Structures are given as C-alpha cells and as structure tokens.
Amino acid sequence: MAKSKTQPTILKPVFDPEAALRFASEGEPAGRPEPCRQEKNPPEKAGKSRAGYTEITVLIRDELLPRARAEAARKGRTLDELIEKLITKHVGKH
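Position one of the sequence shown corresponds to residue 7 (our numbering), numbered consecutively onward.
Have a look at this one:
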C-alpha cells in the first residue's frame with residue numbers, strides 16, 4: 007500500500023506585537039541566565055555510603071575507564087551499577 011503524498015498543514019503561530027511589548031516592559035531585564043550550580047557530589051552526601059553498601063577503590067587500566075563509562079551510559083546505568091552487575095554475574099553464583 008502506498009503512503010499518502012499529502013503534507014499535513016502547518017499553522018504559523020499568531021504574533022501579537024502589543025503583547026510582546028507589554029511582556030518586555032514588565033519582565034526582568036534580558037541578560038545571561040544564572041548557570042545551574044548543581045554539584046555531582048553534594049557536600050552533605052560526600053564520603054557517605056548508602057545503607058547496606060561499602061565504598062571501595064578500584065584500580066583499572068587507563069584505557070578501560072572510558073570504555074566502562076561509555077558502556078554504563080549506553081545502558082542507562084551508573085558506573086557503580088555496571089560494576090555491581092559485573093561482580094554479581096561473574097562472582098555471585100560461585
């Protein structure tokens with residue numbers, strides 16, 4: 007069955023110049039927005055482990071870390087979750 011060759015109609019937005027001027031005069035002055043000040047490890051959580059978990063340090067070769075981070079990102083997991091899954095898979099059942 008062939009696809010329809012008709013294009014859907016696209017409606018242009020209606021621009022009200024008076025409303026734009028009212029908004030501009032009442033709004034805050036235009037400028038650079040403040041950057042988001044969100045830290046990766048907030049100070050209240052830094053150095054603390056979650057209940058039931060132990061913090062460890064792992065030494066791996068330099069070329070493996072970017073690959074591990076990329077794989078974790080590809081799977082939508084954190085690096086901690088990826089390592090935990092690998093340990094569970096390879097050591098957990100022995």
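Even glycine gets a Cβ: it sits at the ideal position worked out from N, Cα and C.
Predicted model only: the values in this text are computed from it and were never measured.
For residue i, collect the residues of the same chain with a Cβ closer than 8 Å to its Cβ; drop the 5 residues on either side in sequence, then sort them by chain order.
i, result
"K91", "R83"
"A78", "T84, L85, E87, L88"
Along the chain, where does the alpha helix (DSSP H) containing residue i start, and where does it finish?
i, result
"I93", "85-96"
"L17", "No alpha helix (DSSP H) contains L17, which DSSP labels as neither H nor E."
"E77", "70-80"
Cα separation between residue i and residue j?
i, j, result
"Y59", "R73", "25 Å"
"A30", "Q13", "36 Å"
"R67", "R80", "20 Å"
"F21", "E69", "54 Å"
Establish whether the CB of residue i and some CB of chain B are separated by less than 8 Å.
i, result
"F21", "Absent from the structure: chain B. Only one protein chain is present."
Closer than 7 Å by C-beta to residue i: which residues in its own chain qualify, once you throw out the five before and the five after it? Chain order, please.
i, result
"E3", "Because the chain in this structure spans residues 7 to 100, residue 3 falls outside the shown range and cannot be described."
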